[in-house]
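Residue numbers (our numbering): 3 to 604. Below is one structure; the comments refer to it alone.
So this is what it looks like as structure tokens:
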């Protein structure tokens, strides 16, 4: 642990050093004797200055460069209505405060030109975290990942209403291990995994690219560095965050959206349709593509189901133990004759045997019987049956786009640093429409300017046959302070509790620790790679004869402690610690620690 902390701390120091040249303080006071102050005072006397929010300019008081820049920005926006002398004064002020205006998103060079300008924001993140191939205590398998992520974010103002946003992304590893990305791999038609283009070490891929158009009354974008914020139509690959924490989903959609209202403050309604791209394919692939069960596994399964059926029939008939044993023996002999056909060279013989076994499972009375109609016979010499954990109505062919097609709607009402409330619904569509039809509620409330509490609830209305339930998740937490990357010396500490049943997590969480707990995957299971625990644990219990109808599989419940500090404007350092974690069956998971530093350079 000490070695890991030393490496991570060194990485943070490197990030701080790299960013330091960008951290000049823009908030120095402008005193009442400066020429700029006098110029603003003169314009105020001529009734052309729009000063503070109440419309006044408070003379005889030092003001910050930021406040002066805001006043100048308003003057630039209405420059055409000023006299020639006033315009000359504004131009002189704008040139002197060009850097401060740039921070506000106001262009100084060729002020009359309002189109074709692109802002570049470089995002550099250094992170240290363990990546698990088996997260359960007693069998823990993990590798340390020390890596950097670089994102180049662009904001291009096409005109007063249209804006184009882009994001290029690349990863570099320092510890010799593969750097994880939720979109790094896809699957071939035979089920084998391959790496997507642009996701190799040091390769660059396009993570986001979308454009927006602001409709209705034209919005004054003075002081809005990211462009218009109300009444937007957008298309492309854009970010979507569900809830206030993003544990449910915090990633990208590729499609289109409509937003009514201002997303910064007040109420706004959003409709989106497209494909959710930040999907943990290793976790969701069995839900979408099914999971093959080998001939040997099916033989074992059929014997257990036949034994259970025979036992239940004998008990119902009032047979004694000797008679019951005879009935079970006969059933097992019958099963042996059927399962031997799974190894036939004739495809039709294999398929007929698989179909017969499928019926035996349905008649067993086991809780696995709820999945009997989800077993599909195949004519594959190595696989006898394919199990669809979400039901046989959810079948996506291998080789298809793993991004899940989704319709999404949300309403959010917020007053920054006071409270916000979210209600949203999402539904998978197309061939995987039965995976999810969920709704969520979320809220955050500032009890005091420093203390805030938050809570979320998500319910999936699609029944998960694996656990015979309609799964749900919730989280709640408390935090002190707000770490704002634009406010030096700001900080926050907090503690969350997360409860997430299998079937409410699909990937793309805002937190790497939450991702691994909720979407835990075995690197190696029965000779297979990257198998989700919700499926592997269930099948182990069934095949080993230890399954219990009251036992739940997959999912996670855990505590997550978080701390963040902004040592200088544009740099945030974060530490997360996950503990007391276990899955829904009570299996304990390893504690996890994450440290990262992110710098935003403009």
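The beta carbon of each residue, even a glycine, is placed where N, CA and C say it ideally should be.
Length of the line joining the Cα atoms of residue i and residue j
| i | j | result |
| --- | --- | --- |
| residue 507 | residue 461 | 11 Å |
| residue 17 | residue 481 | Unreliable positioning characterises residue 17 in this predicted model, as indicated by a pLDDT of 44, which lies under 50. The coordinate reading is nonetheless provided below. Cα to Cα, the separation comes out at about 26 Å. |
| residue 71 | residue 238 | 34 Å |
| residue 578 | residue 96 | 43 Å |
| residue 37 | residue 488 | 28 Å |
| residue 140 | residue 147 | 21 Å |
| residue 110 | residue 447 | Any reading at residue 110 needs caution, since the residue's pLDDT is 48, under 50, leaving its predicted position unreliable; the model's value is listed next. Using only the alpha carbons, I get a separation of about 39 Å. |
| residue 391 | residue 502 | 18 Å |
| residue 321 | residue 328 | 10 Å |
| residue 522 | residue 277 | 23 Å |
| residue 275 | residue 511 | 19 Å |
| residue 127 | residue 598 | 7 Å |
| residue 361 | residue 337 | 12 Å |
| residue 163 | residue 215 | 5 Å |
| residue 187 | residue 241 | 20 Å |
| residue 436 | residue 290 | 10 Å |
| residue 589 | residue 259 | 41 Å |
| residue 476 | residue 536 | 18 Å |
| residue 595 | residue 514 | 10 Å |
| residue 206 | residue 181 | 13 Å |
| residue 136 | residue 99 | 55 Å |
| residue 283 | residue 534 | 10 Å |
| residue 498 | residue 593 | 15 Å |
| residue 591 | residue 525 | 15 Å |
| residue 410 | residue 119 | 32 Å |
| residue 464 | residue 470 | 10 Å |
| residue 123 | residue 542 | 49 Å |
| residue 349 | residue 355 | 10 Å |
| residue 335 | residue 142 | 40 Å |
| residue 333 | residue 293 | 27 Å |
| residue 315 | residue 305 | 15 Å |
| residue 610 | residue 454 | Any question about residue 610 goes unanswered here, given that the chain covers just 3 to 604. |
Where residue i falls, given that 16 or more other Cβ within 10 Å makes a residue buried
| i | result |
| --- | --- |
| residue 341 | buried |
| residue 552 | exposed |
| residue 318 | exposed |
| residue 344 | buried |
| residue 550 | exposed |
| residue 233 | buried |
| residue 557 | buried |
| residue 266 | exposed |
| residue 504 | buried |
| residue 571 | buried |
| residue 271 | exposed |
| residue 91 | buried |
| residue 87 | exposed |
| residue 27 | Residue confidence is low: residue 27 scores 34 on pLDDT, short of 50, so the model does not pin down where it sits. Its coordinate-derived value is still stated next. With fewer than 16 Cβ atoms within 10 Å of its Cβ, residue 27 is classed as exposed. |
| residue 83 | exposed |
| residue 540 | buried |
| residue 323 | exposed |
| residue 69 | buried |
| residue 159 | buried |
| residue 357 | exposed |
Cβ separation of residue i and residue j, assumed to be a contact under 8 Å, to the nearest whole Å
| i | j | result |
| --- | --- | --- |
| residue 174 | residue 150 | 5 Å |
| residue 247 | residue 458 | 6 Å |
| residue 279 | residue 185 | 6 Å |
| residue 586 | residue 554 | 4 Å |
| residue 236 | residue 210 | That pair is no contact at about 11 Å. |
| residue 121 | residue 157 | 4 Å |
| residue 245 | residue 442 | 6 Å |
| residue 566 | residue 494 | 5 Å |
| residue 431 | residue 486 | Their Cβ separation, rounded to whole angstroms, is 38 Å, which puts residue 431 and residue 486 out of contact at 8 Å. |
| residue 365 | residue 311 | 6 Å |
| residue 264 | residue 79 | Contact doesn't hold; Cβ gap of about 18 Å is too wide. |
| residue 527 | residue 516 | At roughly 22 Å, the Cβ-Cβ gap does not stay under 8 Å, so residue 527 and residue 516 are not in contact. |
| residue 249 | residue 500 | 6 Å |
| residue 229 | residue 165 | 4 Å |
Any non-hydrogen atom of the ligand PLP within 8 Å of residue i CB
| i | result |
| --- | --- |
| residue 85 | This structure does not include the ligand PLP; it has no bound ligands of any sort. |
Beta-ladder partner(s) of residue i, from DSSP
| i | result |
| --- | --- |
| residue 149 | 129, 175 |
| residue 411 | 273, 427 |
| residue 590 | 584 |
| residue 198 | Per DSSP, none; premise fails for residue 198. |
| residue 159 | 119, 165 |
CB contact below 9 Å: residue i versus chain D
| i | result |
| --- | --- |
| residue 558 | Reference to chain D is not applicable here, since this structure consists of a single protein chain. |
Start-end ranges of the alpha helix (DSSP H) lying completely within the stretch 254-313, minimum 4 residues: 283-291
Beta strand (DSSP E) runs wholly inside the stretch 495-568, at least 3 long, in chain order: For the stretch 495-568, whole beta strand (DSSP E) runs of length 3 or above, ordered along the chain, are 523-527, 530-534.
Unbroken stretches of the beta strand (DSSP E), 3 residues or longer, contained in the stretch 453-478: The qualifying runs are 453-462.
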